[in-house]
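Protein sequences appear in the order of chains A and B.
Going by our numbering, the residue at position 131 of the first sequence is 131; the numbering climbs one at a time, nothing skipped.
Going by our numbering, the residue at position 46 of the second sequence is 1046; the numbering climbs one at a time, nothing skipped.
Notes follow once the structure below has been shown.
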Amino acid sequence: MSDNEEDIIEGSDEEGEAMTASEVLQKLEEAWITERMSPTLEKHQSELVDCMLDQINQMSENLKRCKKYDFRLAIHKMEIDRIRYVLSSYLRVRLEKIERFAHHLLEKQTNLSNEDLSILSPQEAAYAKDYASSLEAHFQNLVLQHVPENLRTFDRGKMSVKPNLDSYVFLKVKQATPGVLLEDDTGEGRDEEVDFKEGSQYLMRYKPIMELLQSGAVTLI
Amino acid sequence: MDSIEIEFLAEKAPVTIVPNFTHDKLYLISGDVGPFTAGLPVDIPLWLGINLRQRGKCRLVAPEWMDVEKLTEIKEEEKQSKVFTQMPCEHYLIVTQLLLSSAPEDIPNAQQIKTLVKDIWDLRISKLRSSVAEFIESEGTHATLDRLTLLEINSVRPFLPHAFDQLHRISKSAHGSNLSQTTQDIQY
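Below, the structure is given as structure tokens:
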């Protein structure tokens, strides 16, 4: 098992830096909390998920070679369980959102110019499509085919539920960012500017900080 | 967020233990721990510390701030100060509860510490409640929550952000903006 010490995983960030397993885990945990707290679906982090899955599979393989009463066994198993908990909670909360916003997300997906910008991972996109079409088939079978013909049309646009980007969220600043503009969209013309200091915590609307969240300057808490 | 999830996060905090066994370094995915030498203190994650303690493999050492004198000081400061003071540990309440429930005999003056930490928590929560009321009356658009710990923030969730969602919705529609599109909030 000692070979894990040197495990360096190809990084998923733009600079192409290699990350250690513990850094990947740290990032995954951040992504998990952010996803838990965000009113909308964040960009998928398949690289982090796949990397951690590899890590725990590899570790489980290693553990099989361990003696049954090895002192390390229980500890490593416990750690695997903890990581698995984060992973499944993360994926589950994404699936919940995908089901809720299925039509909206699919619409966004078809308007994409570049695959890399996709919020959904390929598997998630397939899931969303399946979900939307089974929902539609279900409505057809259950009700629509039994009602008069002029009422049978099914308008996806009307079914679509959008996330409320005006939701208030708690956030923590990771990189100081001066002059964050909080636009006032209530028409009172009270735009405000806030200087984000590193380590500060705020409660504010999601929309103005959406980009900072994507760039990693802030995280949700 | 569930308080269980916050407890999960708090369990990553480091704790000092004195092991009664000797073992090489452990190469965990989340980082290396050890080596363990019987009788020599070593820092490990709290979840591991509690597990080892339950298996009778170590003694837990109270963190530096978990001390009657220090906590009394913090409590006084919190009482005097109008704003929130900096806590010695992000998860002070959870760490105290976890340590005291798994190894009360390892922590000197456990009972007093429990009361002090609870007092500090109560002081801060009542401060938080009154500032929430003040904040809503001030009709601000955002709030600064420096030095509040995660569990404290969670105590006003989902009520506070949700109240703001509604306030925002009202002021938006009062100014004639169109809200025809269905949006849905997710509440935690």
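Each residue gets a CB set at the ideal place from its N, CA and C atoms; glycine is no exception.
A quick note: this is a predicted structure, and the numbers were derived from the prediction, not measured.
Reduced DSSP secondary structure (H/G/I, E/B, other) of residue i
i                  : result
Lys162 of chain A  : strand
Asp13 of chain A   : Residue confidence for Asp13 of chain A is low, a pLDDT of 45 falling below 50, so the modelled location carries little weight and cannot support an answer.
His1023 of chain B : strand
Tyr202 of chain A  : strand
Thr1115 of chain B : helix
Glu1011 of chain B : coil
Phe1135 of chain B : helix
Leu144 of chain A  : helix
Thr219 of chain A  : strand
Phe154 of chain A  : coil
Asp212 of chain A  : Rather than Asp, the amino acid found at residue 212 of chain A in this sequence is Leu. Leu212 of chain A falls in the helix class under three-state DSSP.
Ala74 of chain A   : helix
Thr34 of chain A   : helix
Ala18 of chain A   : coil
Leu1145 of chain B : coil
Integer Cβ distance of residue i from residue j, believed to fall under 8 Å
i                  : j                  : result
Glu35 of chain A   : Arg84 of chain A   : Not confirmed; about 16 Å, so no contact.
Glu1076 of chain B : Ile1120 of chain B : Going by Cβ atoms, the distance from Glu1076 of chain B to Ile1120 of chain B rounds to 10 Å, so no, they are not a contact pair.
Leu209 of chain A  : Phe170 of chain A  : Looking at the sequence provided, one finds Ile at residue 209 of chain A rather than Leu. The pair is not a contact, with the Cβ atoms about 11 Å apart (cut-off 8 Å).
Asn114 of chain A  : Asp1165 of chain B : Not a contact, Cβ separation roughly 32 Å.
Ile1006 of chain B : Leu1099 of chain B : With 8 Å as the limit, Ile1006 of chain B and Leu1099 of chain B do not qualify as a contact, their Cβ atoms being about 16 Å apart.
Asp21 of chain A   : Leu48 of chain A   : The identity of residue 21 of chain A in the sequence shown is Ala, whereas the question assumes Asp. That belief does not hold up - the Cβ atoms of Ala21 of chain A and Leu48 of chain A are roughly 11 Å apart, past 8 Å.
Leu1030 of chain B : Leu87 of chain A   : Checking the displayed sequence, the identity of residue 1030 of chain B turns out to be Ser instead of Leu. Not a contact, Cβ separation roughly 13 Å.
Cys1089 of chain B : Pro1108 of chain B : So it is not a contact: roughly 17 Å between Cβ atoms.
Pro1045 of chain B : Val1061 of chain B : About 14 Å separates the two Cβ atoms, so there is no contact after all.
Ile33 of chain A   : Thr219 of chain A  : 7 Å
Host beta strand (DSSP E) of residue i (start-end)
i                  : result
Cys1058 of chain B : 1058-1061
Thr110 of chain A  : First-last for Thr110 of chain A: 102-110, but that is the alpha helix (DSSP H), not the beta strand (DSSP E).
Thr1085 of chain B : Thr1085 of chain B -> no beta strand (DSSP E), and no H or E assigned at all.
Ile1017 of chain B : 1014-1019
Lys172 of chain A  : 168-173
Asp195 of chain A  : 192-196
Thr177 of chain A  : 177-182
Asp1032 of chain B : 1031-1033
Residue interval of the alpha helix (DSSP H) (run including residue i)
i                  : result
Pro1045 of chain B : No alpha helix (DSSP H) holds Pro1045 of chain B; the beta strand (DSSP E) holding it covers 1042-1045.
Leu1099 of chain B : 1092-1102
Asp116 of chain A  : Counting along the chain, Asp116 of chain A falls outside any alpha helix (DSSP H), and DSSP gives it neither H nor E.
Thr1072 of chain B : 1068-1080
Leu1160 of chain B : 1159-1174
Thr40 of chain A   : First-last for Thr40 of chain A: undefined, no H or E at that position.
Leu1151 of chain B : 1150-1154
Asp50 of chain A   : 46-64
> When the Cβ atoms of the stretch 41-48 of chain A are set against those of the stretch 57-65 of chain A, are three or more pairs found closer than 8 Å?
Replying inline: Fewer than three Cβ pairs drawn from the stretch 41-48 of chain A and the stretch 57-65 of chain A lie within less than 8 Å of each other, which leaves the two stretches out of contact.
> Between the stretch 1014-1032 of chain B and chain A, which residues of the former have CB atoms less than 9 Å from a CB of the latter, in chain order?
Replying inline: Identification of residues in the stretch 1014-1032 of chain B having a C-beta nearer than 9 Å to some C-beta of chain A yields Phe1021, His1023, Asp1024, Lys1025, Leu1026, Tyr1027, Leu1028, Ile1029, Ser1030, Gly1031, Asp1032, given in sequence order.
>> Which residues of the stretch 1150-1162 of chain B have a Cβ closer than 8 Å to any Cβ of chain A? Give them in chain order.
In response: Residues passing the 8 Å Cβ filter: Leu1150, Ile1153, Arg1157, Leu1160, Pro1161, His1162.
>> Which residues of the stretch 1094-1118 of chain B have a Cβ closer than 8 Å to any Cβ of chain A? Give them in chain order.
In response: Residues are counted here when their Cβ sits less than 8 Å from a Cβ of chain A; for the stretch 1094-1118 of chain B the count is zero.
>> Across the stretch 195-215 of chain A and the stretch 1012-1019 of chain B, are there enough close Cβ pairs to call them in contact, namely three or more that are closer than 8 Å?
In response: Taking 8 Å as the limit for Cβ pairs, the verdict is that the stretch 1012-1019 of chain B does not touch the stretch 195-215 of chain A.
> Using a Cβ cut-off of 7 Å, which residues of the stretch 1132-1145 of chain B contact any Cβ in chain A, in chain order?
Replying inline: Listed by position along the chain: Thr1141, His1142, Ala1143, Thr1144, Leu1145.
> Should the stretch 95-108 of chain A be regarded as contacting the stretch 128-144 of chain A, the criterion being three or more beta carbon pairs within less than 8 Å?
Replying inline: Taking 8 Å as the limit for Cβ pairs, the verdict is that the stretch 128-144 of chain A does touch the stretch 95-108 of chain A.
> Closer than 9 Å, Cβ to any Cβ of chain B: which residues of the stretch 188-204 of chain A, in chain order?
Replying inline: Residues are counted here when their Cβ sits less than 9 Å from a Cβ of chain B; for the stretch 188-204 of chain A these are Glu188, Arg190, Glu192, Val194, Lys197, Gly199, Ser200, Gln201, Tyr202, Leu203, Met204, given in chain order.
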